[in-house]
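Structure record follows, encoded as structure tokens.
Numbering (the working numbering), first residue to last: 15 to 341.
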């Protein structure tokens, strides 16, 4: 049987894995910003005059140097068969746009870097959720002494399981397993966020060009801010890209939690468990504390994690002797 203390240990493990995923995501962000900084600076050094870089200069016909920059950017992408069609389709579109003028060439080159960032984030997200699924299957097998036949039944139940219990505003009925339907849901969300981010980055660049962009303007455009009071996604390319990274981090946590909960609930029902309780994560928020305070729940009436973005609360079979241990 699975205890509340064991579930707390699992929550701590997942939070630690979240932090590791965040560090990988930060690495991808740093590399994307280095790429953007390098190409923006190269463009500035090539075309800026004593007054800086103006919108008029970007409206000129594409030059041989621009085409070389484009080819260099393409080579940096290192596109291979693992790149999804969403990425290659967007690259083709930007390849057409790039030939319009120097300004479009510049923004298309920047867009390539953001597409690569998304490809990396998407791959890391999929890998992480798949790993969590494998770990959770093994954990349930050990906790409930599942034999191979029961484990296969669990896999099938989890694949077929739909969320038909209580929903919270951000939730919709969907498969809890990440392949293929659920993966398409969060993957589509990531690409929509990428398109919005890319458009915002382009607008920020053009906004600075309209009034003439000097070297200090360029530095300000690329400056990131750690202090929340200074965070300016409407004025800084670095902050706008970081904002999109935060959204990716939320997707990792939310989809991992949703998938884990589905596997657990399928196991509980397989073993005839009738009541569950919510185990809160460390530093539980007021909203989730209210859900914990209402423990226990009939298994078919229990609210389903995640209760909000980034939530790591989990359900565990309810035993009278565990009640005093709940957060």
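No residue lacks a Cβ here, since even glycine has one placed at the ideal position from N, Cα and C.
In the DSSP output, which residue or residues are listed as bridge partners for residue i?
i           : result
residue 83  : Answer by DSSP bridge pairing: none, since residue 83 is not bridged.
residue 330 : 291
residue 203 : DSSP lists no partner for residue 203.
residue 311 : 290
Exposed or buried, which one is residue i when buried takes at least 16 other CB atoms within 10 Å?
i           : result
residue 107 : exposed
residue 240 : exposed
residue 176 : Confidence at residue 176 is low in this model, with a pLDDT of 35, below 50, so the placement of that residue should be treated as unreliable; the coordinate-derived value is given next. Its Cβ having fewer than 16 others within 10 Å, residue 176 is exposed.
residue 146 : buried
residue 161 : exposed
residue 130 : buried
residue 310 : buried
residue 233 : exposed
residue 259 : buried
residue 75  : exposed
residue 26  : exposed
residue 252 : buried
residue 81  : exposed
residue 262 : buried
residue 183 : Because the pLDDT at residue 183 is just 33, under 50, the model does not fix this residue reliably, and the point stays unresolved.
residue 250 : buried
residue 308 : exposed
residue 23  : exposed
residue 28  : buried
residue 37  : exposed
Looking at residue i: is its Cβ nearer than 8 Å to the Cβ of residue j?
i           : j           : result
residue 256 : residue 43  : yes
residue 293 : residue 46  : no
residue 21  : residue 328 : yes
residue 313 : residue 287 : yes
residue 295 : residue 326 : yes
residue 127 : residue 50  : yes
residue 331 : residue 119 : no
residue 59  : residue 117 : no
residue 218 : residue 229 : no
residue 136 : residue 201 : yes
residue 290 : residue 282 : yes
residue 348 : residue 165 : Residue 348 lies beyond the range of the chain shown here (15 to 341); nothing can be said about it.
residue 138 : residue 208 : no
residue 114 : residue 284 : no
residue 157 : residue 133 : no
Can you name the start and end residues of the alpha helix (DSSP H) that residue i belongs to?
i           : result
residue 64  : It is not in any alpha helix (DSSP H) - residue 64 carries neither H nor E in the DSSP assignment.
residue 138 : 116-157
residue 276 : 251-284
residue 226 : Premise fails: residue 226 is in no alpha helix (DSSP H) and is neither H nor E.
residue 307 : 300-307
residue 109 : 99-111
residue 74  : It is not in any alpha helix (DSSP H) - residue 74 carries neither H nor E in the DSSP assignment.
Would a check of beta-carbon distances place residue i closer than 8 Å to chain D?
i          : result
residue 17 : The structure shown has no chain D; it contains just one protein chain.
**OP:** Please determine if the region 314-323 and the region 257-277 are in contact, where contact requires at least 3 C-beta pairs separated by less than 8 Å.
**Re:** yes
Subject >> Inter-stretch contact (C-beta, 8 Å, three-pair minimum) for the region 58-77 and the region 223-230 >> reply: yes
Original post:
Are there three or more Cβ pairs, one per stretch, closer than 8 Å when the region 272-281 is compared with the region 149-165?
Top reply: yes
Original post:
Counting pairs of beta carbons, one from the region 24-41 and one from the region 199-215, are three or more of them closer than 8 Å?
Top reply: no
**OP:** Flag this pair as touching only if the region 82-100 and the region 112-128 have three or more C-beta atom pairs under 8 Å; answer yes or no.
**Re:** yes
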